Amino acid sequence: MPASLTTTFTNRILQGAAASLLVLALAGCSTTKDRMTTGSVPKLTKPVEEMDATELRSATDRLGQAYEKNPRDPVTGVNYANLLRMNGRDTQALAVMQQVAIANPGDRNVLAAYGKAQAAAGQFQQALDTIGRAQTPDRPDWKLISAQGAILDQMGRASDARQRYRDALDIQPNEPSILSNLGMSYVLTGDLRTAETYLRSAASQPTADSRVRQNLALVVGLQGRFPEAEQIARRELSPQQADANVAYLRGMLSQPNPWQKLAAKEKTPSDTNTN
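Each residue of the sequence shown is one higher than the one before, starting from 346 at the first, in our numbering.
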């Protein structure tokens, strides 16, 4: 399977807070879709998570050229860093966001993206501090609270992470990205039944995106119900993307203690260039 497709799916199931991750889930954090902002920034024909390897490379090249022309622009910098991370280039994404944050020290979106890049590069405490600076106590942002939960999960602080997800749910009840992050938190500690409960709740929400369902597919597969997992994984995706995701599922589920391997991946971000 192409490396960038593997990276894309891995990001779906591990960042979801994220981004996304940083998740995404941090990716809104993550976990609304990483759709690119348009305007003066080169326009993309589809959301990043739906791109194949060739499309990701092309989009990254175009955003890179725009960034070189105006490295102080926050929209260009954030979007370029997101694409770099989708290609597994976490160190470069962090360097981009450092420069953008210096140029835009009071921009909450920039600070959130900077924290996301720090977490992807393994700088977890710095990421928490950066996300904290982006937050305003009188108007707390549930996305940032969920982002903090995703970082705490990567630090092995599951109890603290789950409290942050619940705090986020108090502000945004039934938000699928938060429920998905909470479910994945239980995956990382091997509590698959509880994880499935939260992920099914997330997937049932009208605003749930395909990454939430991919997380659900993973958890169902981890419990040995692969036909059901494959059926979930193939929804709403192109045949190529579905085949890539199913192949990843098969590979992950064929290993002993696969959720422990997920936890190891979560705590050891890769800086491998898959472009």
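Beta carbons: idealized from backbone N, C-alpha and C, even for Gly.
Given the structure is predicted, the values throughout are model-derived calculations rather than measurements.
What ranges does the alpha helix (DSSP H) occupy inside the stretch 414–495, keeping only unbroken runs of at least 4 residues that lie completely in it? 419–431, 435–448, 453–465 and 469–479
I516 to Y510 span [Cα, whole Å]: 10 Å
Leaving out the 5 sequence neighbours to the left and right, which residues in its chain are closer than 6 Å to R417 when beta-carbon positions are compared? A448
Note down the Cα distance separating A411 from R580, rounded to an integer number of angstroms. 34 Å
Do you know how far the Cα of E400 is from the Cα of I577? 25 Å
Could you pull out every residue in the same chain whose Cβ sits closer than 6 Å to the Cβ of I523, ignoring the five residues on either side in sequence? S491, Y510, A513 and L514
T552 - DSSP class collapsed to helix/strand/coil: coil
Would you say A538 and Q559 are within 9 Å of each other, going by their C-beta atoms? With the sequence shown as reference, residue 538 is identified as Arg, and Ala is not the correct amino acid for it. No, Cβ-Cβ distance for R538 and Q559 is not below 9 Å.
Start and end residues, alpha helix (DSSP H) containing E287: No statement about residue 287 is possible, as the shown extent of the chain runs from 346 to 620 and does not include it.
Taking DSSP as the reference, what is the three-state secondary structure of S530? helix
Kindly indicate which three-state DSSP category G409 falls into: helix, strand or coil? helix
Less than 9 Å between the beta carbons of V441 and P419, yes or no? no
Nonlocal neighbours in the same chain, by C-beta distance under 6 Å from R595, ignoring five residues either side: none
Report yes if the C-beta distance between T481 and R502 is below 9 Å; otherwise report no. no
With 16 other Cβ atoms within 10 Å as the buried cut-off, status of G460: buried
Three-state secondary structure (DSSP) of P584: helix
Outcome for K488 when other beta-carbon atoms lying within 10 angstroms are tallied against a minimum of 16: buried
Are the CB atoms of A426 and A458 nearer to each other than 9 Å? yes
Environment of G451 [buried if 16+ CB atoms lie within 10 Å]: exposed
Endpoints, the alpha helix (DSSP H) within which P515 is located: Note on identity: in this sequence residue 515 is Asp, with Pro being the wrong assignment. Its alpha helix (DSSP H) spans residues A503 to I516.
Quick one: what does DSSP say E520 is sitting in, helix, strand or coil? coil
Between the CA atoms of L533 and A506 - distance to the nearest angstrom: 12 Å
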